[in-house]
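In the working numbering, the protein residues as written are -13 to 152. Input: a single structure, listed below in structure tokens.
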């Protein structure tokens, strides 16, 4: 009996560690996925640096409550899997949302992204945010555009003055 309790404590500590390191966590209902589909999903998650695992709800609830992810307690009902995003907080939502479009059996439930609770609609909205690299490129482009226009204008003024002097 005490061995079982010790094993459960270890699992709760493992989940606590994942929650404490995670920038985001997304809960999904995985019922109905075939083994092949689940393997495909796990592979995509692993490639993106996302940890995806199935835990008992009672153990997940204890860990979530202790680490600031308590807002997810109401969504931890039924068979669930949790995707933990460590480096890119949007990655779990994006991968799961894209996968759910092709595999109707996978149902997004809720999540937390950078400390904020997101219901189903919120997770879908987060999944629509472009990748960090795309946002940085757009930002740099918006900075570069006015500077480039200014440089072209200066060059046109210089060319015009040189044309009138000749």
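C-beta: ideal position from N, C-alpha, C; glycine also. All values reported here derive from a predicted model rather than from experimental measurement.
Buried/exposed call for residue i, threshold 16 Cβ in 10 Å
{"i": "residue 126", "result": "exposed"}
{"i": "residue 129", "result": "exposed"}
{"i": "residue 55", "result": "buried"}
{"i": "residue 36", "result": "buried"}
{"i": "residue 95", "result": "buried"}
{"i": "residue 131", "result": "exposed"}
{"i": "residue 138", "result": "exposed"}
Expected contact under 8 Å - CB spacing of residue i and residue j to nearest Å
{"i": "residue 5", "j": "residue 49", "result": "6 Å"}
{"i": "residue 58", "j": "residue 1", "result": "Not a contact, Cβ separation roughly 12 Å."}
{"i": "residue 65", "j": "residue 16", "result": "6 Å"}
{"i": "residue 118", "j": "residue 74", "result": "6 Å"}
{"i": "residue 109", "j": "residue 97", "result": "5 Å"}
{"i": "residue 41", "j": "residue 99", "result": "Not confirmed; about 20 Å, so no contact."}
{"i": "residue 77", "j": "residue 123", "result": "Not a contact, Cβ separation roughly 18 Å."}
{"i": "residue 153", "j": "residue 31", "result": "Given that the chain is displayed from residue -13 to residue 152, the structure contains no residue 153 and the question cannot be resolved."}
{"i": "residue 7", "j": "residue 72", "result": "6 Å"}
When the options are compared against residue i, the one with the closest alpha-carbon
{"i": "residue 113", "options": "81, 87, 144 and 56", "result": "81"}
{"i": "residue 89", "options": "148, 103, 22 and 146", "result": "22"}
{"i": "residue 91", "options": "10, 18 and -12", "result": "18"}
{"i": "residue 51", "options": "-7, 141, 27 and -1", "result": "-1"}
Residue i - DSSP class collapsed to helix/strand/coil
{"i": "residue 41", "result": "coil"}
{"i": "residue 138", "result": "helix"}
{"i": "residue 1", "result": "helix"}
{"i": "residue 159", "result": "One cannot answer for residue 159 here, as it falls past the ends of the chain, which runs -13 to 152."}
Practice problem: Only counting runs of 3 or more residues, tell me where the beta strand (DSSP E) segments fall wholly within the segment 58 to 99, in order along the chain. | Solution: 67 to 71 and 93 to 99
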